[in-house]
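Presented below is the structure to which this report refers.
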Amino acid sequence: MYSDSFEGEKMKNNQTRKTCLITIMMLCMIASPLSNPASAAAARSSPCTSTICLNEVMPNPNGYDDASWPGGEWAEVKNTGAVAVSLLNWQLQNSNGKTLDFDANSIVGYNSSNSSTWTIQSGSWMVIARNADTNFWMTNTQDTMSLYDANSTMVDEASWSTAGSGVSYIEDPADAYADWIAANNSTPGSANGGSAPPPTYSQSDLMLSEVFPNPVFTPDNSSWPGGEWFEVYNNGSTTMNLSGWSVYDAAGNVIPFDQSHLVGYDPADSNSWMIAPGEYRIVA
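Numbering-wise (our numbering), the sequence shown opens with residue 3 and increments by one.
And the structure:
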């Protein structure tokens, strides 16, 4: 009888211990979710820790994502500091670890003979375009893009959950850790929510003489001699320097007269960016 009573008490104690163990395990699961917090946080934005910060991104442009600028994907950075900064060797990195170097292909308006084209002034913006790069891309859902300085230090990070076609995204002013939000309009190279200042017109001997807006046998964004192009003509009596000239479309997109667009441009030959009186030049 004593033995039976002892065995019954032992079984009761074992059952109590099992119940306590299950309760503790359940409490631990509630306190520590199965998802990895580091993994979840990796998909979030973070505040900028530099004077050079991400300012606007276009992850899902109208048309092809890998189109040449002014088409395709792009990002904009802003210099919030007091001094100018060279952006050569800075990088963008997507959530897959693919990088886009800030160089002659990606920096909009880059001119190898003019260091100011890769140097961002205080309070200014610079546009970095994918520009047909096949090793980098932005996805339209659940993506994160990081900005790295020339020392390979991450200084800013942007994330978005979905990206509408033709919509650019900016940091949420209420929460730097939140996914970026849709901008009212796309403003590459100027303040968010605004638009580029209207052009100032002045008389010039350089004229648009011909345009080819809709090529038949090649895509619009094909490299010359395919794709869209226009022609300029020097109607004056003196040779003109085309370096620094550009054209804008109605959407504010810009095509600079540089080595990427001015046909025959050679960074090593200053004569190649000149246009003589009565001469025509092609910009593609």
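No residue lacks a Cβ here, since even glycine has one placed at the ideal position from N, Cα and C.
The residues Asp145 and Thr146, in chain order, have a CB closer than 6 Å to that of Ser97 in the same chain once the five nearest residues on each side in sequence are set aside. A straight line joining the alpha-carbon of Asn113 with that of Ala165 spans about 32 Å. Cβ-Cβ distances below 6 Å link Ala278 to Thr241 in the same chain, with the five nearest sequence neighbours on each side left out; the list follows chain order. In the three-state reduction of the DSSP assignment, Trp139 falls in the coil class, being assigned neither a helical nor a strand state. The C-beta distance from Ser167 to Asn273 rounds to 43 Å, too long to meet the 8 Å contact threshold. A contact is defined here as three or more CB-CB pairs under 8 Å, and the stretch 226-236 meets this definition with respect to the stretch 206-218. Annotated three-state conformation of Thr121 is strand, per DSSP. Here the alpha carbons of Pro190 and Ile172 stand approximately 11 Å from one another. Gln123 and Gly65 have their C-alpha atoms some 31 Å from each other. Closest option to Asp151, judged by alpha-carbon separation, among Tyr250, Ile54, Phe259 and Gly266: Ile54. Counting along the chain, Cys50 sits inside no beta strand (DSSP E), nor does DSSP assign it H or E at all. Its Cα nearest to that of Ala270, the residue Ser115 stands out among Leu94, Ser47, Ser115 and Gly74.
Under the criterion of beta carbons closer than 8 Å, Lys100 and Trp76 do not qualify as touching, at roughly 16 Å. The secondary-structure analysis by DSSP pairs Asp177 with nothing; it has no beta-bridge partner. Residue pairing for Ser262: DSSP places it in no beta bridge.
Taking Gly73 as the centre and dropping the five residues before and after it, the same chain places the C-beta of Pro63, Gly65, Tyr66 and Asn223 closer than 7 Å to its C-beta, in chain order. Assignment of Trp92 by DSSP, reduced to helix, strand and coil, places it in the coil class. In the structure shown, Trp226 falls within a coil segment according to DSSP collapsed to helix, strand and coil. DSSP, reduced to helix, strand and coil, places Trp275 within a helical segment of the structure shown.
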